[in-house]
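Student: Next up is a structure, given as structure tokens.
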Amino acid sequence: MGFRKKLKITVVKKLSAEDIYGKNLPVTPKYPHLCDRFTEGQEFIVGDTGAMPQGFCPWAWDDLARVVLHLQFGGEFVFNEESNMIAACCTDGIRPVMFKVEKLEG
């Protein structure tokens with residue numbers, strides 16, 4: 164399995180509906196205004212098996228899976244100044260989370 168590169172996923176920013184739409188949307192009050200799965204600055208390591216890190220949100224993982232796979236197999240994002248990383252986000256339209264996904268050395 165060791166041919167995949169290890170990656171680090173960092174939680175950069177959590178947004179609310181108010182941040183995006185200028186107002187809170189009419190959703191069930193039991194849901195917090197910001198994602199409660201992540202903390203800004205939180206880091207996750209994706210090992211050489213490519214498995215979702217423990218504690219990572221499955222919805223966000225599904226959104227990041229393409230870029231994770233691309234980077235793990237040596238792909239680059241040439242439109243970035245740092246081609247070994249990419250900014251990505253969860254597609255929750257009410258409480259999205261922004262991530263930085265980057266290759267680890269070695």
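This note's numbering applies: residue 164 is where the sequence shown begins, and numbers increase by one. Here a beta-carbon is modelled for each residue, glycine too, at the ideal position from N, C-alpha and C. Just so we're clear, the structure is a prediction, and the values are computed from it rather than from any experiment.
Does the Cβ of I183 have 16 or more other Cβ atoms within 10 Å, making it buried, or fewer, making it exposed?
Tutor: exposed
Student: Would F207 and F219 be called neighbours here (beta carbons separated by less than 8 Å)?
Tutor: yes
Student: What are the start and end residues of each continuous beta strand (DSSP E) run of 3 or more residues lying completely inside the stretch 179 to 232, in chain order?
Tutor: 206 to 209
Student: Counting only the same chain and skipping the five closest in sequence on each side, list residues whose C-beta sits under 6 Å from that of M215.
Tutor: These residues qualify, in order along the chain: W224.
Student: Cutting at 8 Å between CB atoms, please list the residues of its own chain near L170, excluding the five before and the five after it.
Tutor: Contacts found: I208, V209, V231, L234, Q235, V264, E265, K266, L267.
Student: What number of angstroms, rounded off, separates the C-alpha of K176 from the C-alpha of F166?
Tutor: 31 Å
Student: Determine the extent of the beta strand (DSSP E) in which E265 is found, giving its start and end residues.
Tutor: 260 to 266
Student: By Cβ distance, which residues of its chain are closer than 8 Å to K168, with the 5 residues on each side in sequence left out?
Tutor: Result list for K168: D211, L234, Q235, F236, G237, K266, L267, in chain order.
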